[in-house]
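Engineer: First the structure, then my questions, so here it is.
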Amino acid sequence: MGELFVVGVNFKVAPIEVREKLACSKEEIVTILPILKRETPLEEVILLSTCNRTEIYAYNFIDNSESLIDKFLTLKNLNPDIKKYFFKKRGEEAVFHIFKVSSSLDSMVIGEPQIVAQFKEAYRIAKEVDTVGKILNRVYEKALRASKRVRTETGISKSAVSVSYAAVELAKKIFGDLKNAKVLLIGAGEMGELAANYLKRFGAELHITNRTYEKALKLARELGGNALRFENLKEYLPLMDIVIVSTGAKNYILNKKDFEEAIKRRDYEPQFVIDISVPRNVNPQILEVEGVFLY
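Position 205 (the sequence shown) corresponds to 307 in our numbering; numbering is contiguous.
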């Protein structure tokens, strides 16, 4: 008999500074999975990487979870000290954890709808690169059934919100009536689009920018907002009361100097920044700038 086990980090056990280093793009996952299977070694393996977690679901004839963590950190070129943040679960506990994750019961925002799609995508990639077999196939199918039951029988989805919605709610609490607020959304991907929809609902003056201008333009047309060119970001930054950042960039796109200049041009009128990107896109040093608030 083999052993099913889970290793990983999530928002409960590791700060954003650690989680952002472990986050994997789809391209990385395609590369990493076959290596983990071959060199750990493992019989089957799936890698799930979202804003709030990076977790590996594995099946093998022996529990070599320690080797799995070591190999993963090596592939990510990370310091072995990060290993202390990893949790490990095996057997029934591992299965229960996977069910909780796929059902959004382990999410930062309980009931958020994005995790099901992310879970399916993680499985699809593993299937594509041939790192899943009958054991993880069965776990995946049962996890989806459990997720469906949780959503239909508990009514959890009726009150569910996403991280994007939570960001907009935070903006409302900070600024009050968003009808008087100039809001800049940086990023026109899935999370950004969700945030933009919520912002429109609350009547904000919406401005959208994205590295691909056409994406910003499309979203702005759909929502009655204003599309701005990403290369001119620093020019219109001072005009914005609230900045919500949600891009797939690997590095900071906004730094302390940018806000020092922006707040000066605003005559030190407060500016609120909400960064929901992983890895973070806003340098936390901006907290040192008087009048700028980062969440």
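Glycine included, C-beta positions come from ideal geometry on N, C-alpha and C.
So, does the region 355 to 362 touch the region 297 to 307, judging by three or more C-beta pairs under 8 Å?
Structural biologist: no
Engineer: With DSSP run on the structure shown, which of helix, strand or coil describes residue 234?
Structural biologist: Walking along the sequence shown from the start, residue 234 turns up at place 132. Here DSSP, grouped into helix, strand and coil, assigns residue 234 to coil.
Engineer: Could you say which of 108, 286 and 132 lies nearest to residue 231 if we only look at CA atoms?
Structural biologist: Position 129 of the sequence shown, counted from the start, is the residue given in the question as residue 231. Out of 108, 286 and 132, 132 has the C-alpha closest to the C-alpha of residue 231.
Engineer: Let me confirm a value: residue 389 is counted as buried when at least 16 other C-beta atoms fall within 10 Å, else exposed. Which label applies?
Structural biologist: Looking up residue 389 in the sequence shown gives position 287. The residue is exposed, with fewer than 16 neighbouring Cβ atoms inside 10 Å.
Engineer: With distances taken from CA atoms, which of 352, 372 and 316 is nearest residue 340?
Structural biologist: Taking the first residue of the sequence shown as 1, we reach residue 340 at position 238. Of the candidates 352, 372 and 316, the one whose C-alpha sits nearest the C-alpha of residue 340 is 372.
Engineer: Among 200, 312 and 328, which one has its Cα closest to the Cα of residue 243?
Structural biologist: As a first step, residue 243 must be located in the sequence shown, where it is residue number 141. Nearest of 200, 312 and 328 to residue 243, Cα basis: 200.
Engineer: With distances taken between CB atoms, is the gap from residue 329 to residue 315 smaller than 8 Å?
Structural biologist: Here residue 329 is taken as the residue at index 227 of the sequence shown, counted from 1. Here residue 315 is taken as the residue at index 213 of the sequence shown, counted from 1. Yes, they are a contact pair.
Engineer: So who's on the other strand from residue 156, going by DSSP bridges?
Structural biologist: Here residue 156 refers to the residue found at position 54 when the sequence shown is read from its first residue. Residue pairing by DSSP places residue 156 opposite 111 and 151 in a beta bridge.
Engineer: CA-CA distance, residue 220 and residue 237?
Structural biologist: On the sequence shown, residue 220 is found 118 positions in, with the first residue counted as 1. On the sequence shown, residue 237 is found 135 positions in, with the first residue counted as 1. Taking the straight line from one Cα to the other gives about 20 Å.
Engineer: Determine the extent of the beta strand (DSSP E) in which residue 46 is found, giving its start and end residues.
Structural biologist: What is shown of the chain runs 103 to 397, which leaves residue 46 out entirely.
Engineer: Between which residues of its own chain and residue 224 is the CB-CB distance below 7 Å, once the five residues before and five after are set aside?
Structural biologist: To locate residue 224, count along the sequence shown from 1; it is residue 122. Contacts found: 148, 149 and 150.
Engineer: For residue 294, I'd like the list of residues in its chain whose CB is within less than 7 Å of its CB, leaving aside the five on either flank, ordered along the chain.
Structural biologist: Within the sequence shown, residue 294 is the residue found at index 192, counting from 1. Excluding positions up to five away in sequence, the list reads 287 and 348.
Engineer: On a Cα-Cα basis, can you pick out the residue from 204, 354, 146 and 273 that is closest to residue 397?
Structural biologist: Walking along the sequence shown from the start, residue 397 turns up at place 295. The option with the nearest alpha carbon to residue 397 is 273.
Engineer: What residues are listed by DSSP as bridge partners for residue 384?
Structural biologist: As a working mapping, residue 384 is identified with position 282 in the sequence shown. According to DSSP, which records beta bridges pairwise, residue 384 is partnered with 356.
Engineer: Suppose contacts are defined by Cβ-Cβ distances below 8 Å. Is residue 180 in contact with residue 114 by that definition?
Structural biologist: Within the sequence shown, the letter at position 78 stands for residue 180. Within the sequence shown, the letter at position 12 stands for residue 114. Not a contact, by the Cβ cut-off of 8 Å.
Engineer: Nearest to residue 304 by CA position, among 321, 285 and 311, is which residue?
Structural biologist: In the sequence shown, counting from the first residue as 1, residue 304 sits at position 202. Among 321, 285 and 311, the Cα nearest to that of residue 304 is on 285.
Engineer: Would you give the residue range spanned by the alpha helix (DSSP H) that residue 292 belongs to?
Structural biologist: Against the sequence shown, residue 292 aligns to sequence position 190. That run of the alpha helix (DSSP H) goes 292 to 303.
Engineer: What residue ranges within the region 201 to 246 form continuous alpha helix (DSSP H) runs of no fewer than 4 residues, ordered along the chain?
Structural biologist: 216 to 230
Engineer: Where does residue 353 land, buried or exposed, given buried means 16+ other C-beta within 10 angstroms?
Structural biologist: The count along the sequence shown starts at 1 and reaches residue 353 at position 251. Looking at its Cβ environment, which holds fewer than 16 other Cβ atoms inside 10 Å, residue 353 is exposed.
Engineer: DSSP state of residue 345, grouped into three classes?
Structural biologist: Residue mapping note: residue 345 aligns to position 243 of the sequence shown, counting from 1. Three-state DSSP puts residue 345 in a strand.
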